[in-house]
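Colleague: Counting from 52, one number per residue, gives the positions in the sequence shown under my numbering. Ideal placement from N, C-alpha and C gives every residue a C-beta, glycine not left out.
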Amino acid sequence: MSKHKHSANHHIAPAWLVAEDFRNLSSRISLRTNWSVEQMILIQSVTSHAHAGHGMFHGSRYPNTTEDDAARALRLDPTAVKAERQKLIDDIRDYAERAIYGKAGRHLVNAANQPLLGMGLFRHLEFEPEGVLRGLYLGGLRDEPEIRAEAERRYGKRIGWGECYLVDRQIMRELGITGDVLAHESHANNLDEYKKIGLITDKPGPAVSYMYIRHHTGPGASDDSAIVIAGKLYGGVSAAVGTFLADAVDTLEKYAARTADQDAEIAEFIESAWKDIDVSRDDAAKLAFLAAIPEGHENDVPDSSLRNLLEIDRTYDVCAIESHLLYLSNSPYEEIDLDHGEATTKEFYEYIESRLKDAP
């Protein structure tokens, strides 16, 4: 028993090390949002660092570390953190409802007139609500398994996909499976068995976490590409920012008060309630294909996380999402690194132009 307990704890990062990584990260970077939201995002970043052995973990990997562990290490209440992240999602859903019913203005603010995601620029920049709705719709559907599968079938290219499930971490440890294995290996043929033995459950509990399980492996997709291509094809900066908001929901929902595929829920709500919708699931499949990373290019097409999209390049005082919006509005932009140096903005936008030119 003690041996099993030691083995399980070996895969969870020590609280002091989680706190040290958070302090180091928050002292080095600034995000284009307020401190409260930045803190909510960095909790997820620190958890990812623990999984991969990055940052202050210096190569030591703790793949079973959860956001609950990270929140407690920072002396925060996990329930309160999840509620705050859920509020960010709810504000985006509420904006979509107001936009559909003609009650949203041209600024991306919530009912209390505070900017979505705490991003001050959304209080000042103007967007077309219809374009934002298109982006929310396409961005919310493009990662859905049936949309990815349709994109693979239609265009003959492997992409890969997965979904989030409630996972019993105790059973996961007993099986000798780590969160890293669930996230990166193919499990499509094991899902029924996982449900049968209780690894995948529908019952929340103290040992249950909302975790990503990969169904099929593949090069994956680039969120940067999805944002920019949505803007190029479906409504300029407004569609791009809508796709960005959908990606933000997809990130935030992985540790929120509601365990659900909330970006897809918003897309399906738009599909059912917006009478003038002028995009379809065919467009979502097209975007899924165009945003897919071509095989062999996994290391040179950026796929920025929410943190990466908001992280300010201090040389030029600009972040990636701002650069993408500048590019789409035909404004000058600075050449900054994207996704830890996978590409510069100039290289990436040249790739986008080529991708759209050569696409079927």
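How is residue 82 classed by DSSP in three states: helix, strand or coil?
Modeller: strand
Colleague: Reducing DSSP to helix, strand and coil, say where residue 213 ends up.
Modeller: strand
Colleague: Do you know how far the Cα of residue 356 is from the Cα of residue 160?
Modeller: Whole-angstrom Cα-Cα distance: 22 angstroms.
Colleague: Would DSSP call residue 127 helix, strand or coil?
Modeller: coil
Colleague: Could you tell me whether the Cβ atoms of residue 362 and residue 374 are closer together than 9 angstroms?
Modeller: For the pair residue 362 and residue 374, the CB atoms are not nearer than the 9 angstroms cut-off.
Colleague: Straight-line CA distance for residue 54 to residue 126?
Modeller: Interpretation of residue 54 is limited by its pLDDT of 36, a score under 50 that renders its predicted location unreliable; the figure taken from the coordinates is listed afterwards. Looking at the two C-alpha atoms, the distance is approximately 28 angstroms.
Colleague: Using 8 angstroms as the cut-off, classify the Cβ of residue 296 as near or not near the heavy atoms of the ligand ATP, replying yes or no.
Modeller: Absence of the ligand ATP is noted for the structure shown, with no ligands found whatsoever.
Colleague: Cutting at 8 angstroms between CB atoms, please list the residues of its own chain near residue 96, excluding the five before and the five after it.
Modeller: Closer than 8 angstroms at Cβ, skipping near neighbours: 76, 356 and 358.
Colleague: Taking only three categories from DSSP, how would you classify residue 362?
Modeller: strand
Colleague: Hey, residue 177 and residue 157 are a contact pair by Cβ (cut 8 angstroms); roughly how many whole angstroms apart?
Modeller: 4 angstroms
Colleague: Judging by CA-CA distance, which residue of 240, 84, 199 and 108 is the nearest neighbour of residue 167?
Modeller: 84
Colleague: Excluding five sequence neighbours on each side, which residues of the same chain lie with their C-beta closer than 8 angstroms to the C-beta of residue 404?
Modeller: none
Colleague: Going by the beta-carbon positions, is the gap between residue 300 and residue 191 smaller than 9 angstroms?
Modeller: In this structure, residue 191 lies closer than 9 angstroms to residue 300 by Cβ.
Colleague: For residue 115, which residues from the same chain have a beta carbon less than 8 angstroms from its beta carbon, with the 5 sequence-adjacent residues on both sides left out?
Modeller: 59, 62, 63, 220, 223, 224, 229 and 230
Colleague: Is the beta carbon of residue 211 closer than 9 angstroms to that of residue 270?
Modeller: Contact flag set, yes.
Colleague: Using the Cβ count rule (16 or more neighbours within 10 Å means buried), how would you classify residue 16?
Modeller: Given a span of 52 to 411 for the chain in the structure shown, any question on residue 16 remains unanswerable.
Colleague: Where DSSP assigns a beta bridge to residue 147, which residues make up the other side?
Modeller: Paired residue(s): none; residue 147 is not in a bridge.
Colleague: Quick one: using the 10 Å Cβ neighbour count with 16 as the cut-off for buried, is residue 276 buried or exposed?
Modeller: buried
Colleague: Out of curiosity, what's the CA-to-CA distance linking residue 281 and residue 337?
Modeller: Rounded to whole angstroms, residue 281 to residue 337 spans 10 angstroms at the Cα level.
Colleague: Tell me, please, which residues DSSP counts as bridged to residue 265.
Modeller: 213
Colleague: In the DSSP assignment, the alpha helix (DSSP H) including residue 340 goes from what residue to what residue?
Modeller: 332 to 342
Colleague: To the nearest angstrom, how far is it from the Cα of residue 293 to the Cα of residue 306?
Modeller: 21 angstroms
Colleague: Let me know the beta strand (DSSP E) ranges lying completely inside the stretch 241 to 328, each 3 residues or longer, listed in chain order.
Modeller: Entirely contained in the stretch 241 to 328, the beta strand (DSSP E) runs reaching 3 residues are, in chain order, 259 to 267.
Colleague: Please list, in chain order, all residues of the same chain as residue 56 whose beta carbon is under 6 angstroms from its beta carbon, the five residues on each side excluded.
Modeller: Low confidence applies here, because residue 56 scores a pLDDT of 38, under 50, leaving its location unreliable; read the following figure in that light. Answer for residue 56: no residue qualifies.
Colleague: When you compare the CB of residue 197 with every CB in chain C, is at least one pair closer than 9 angstroms?
Modeller: The question asks about chain C, but that chain is absent: this structure has only one protein chain.
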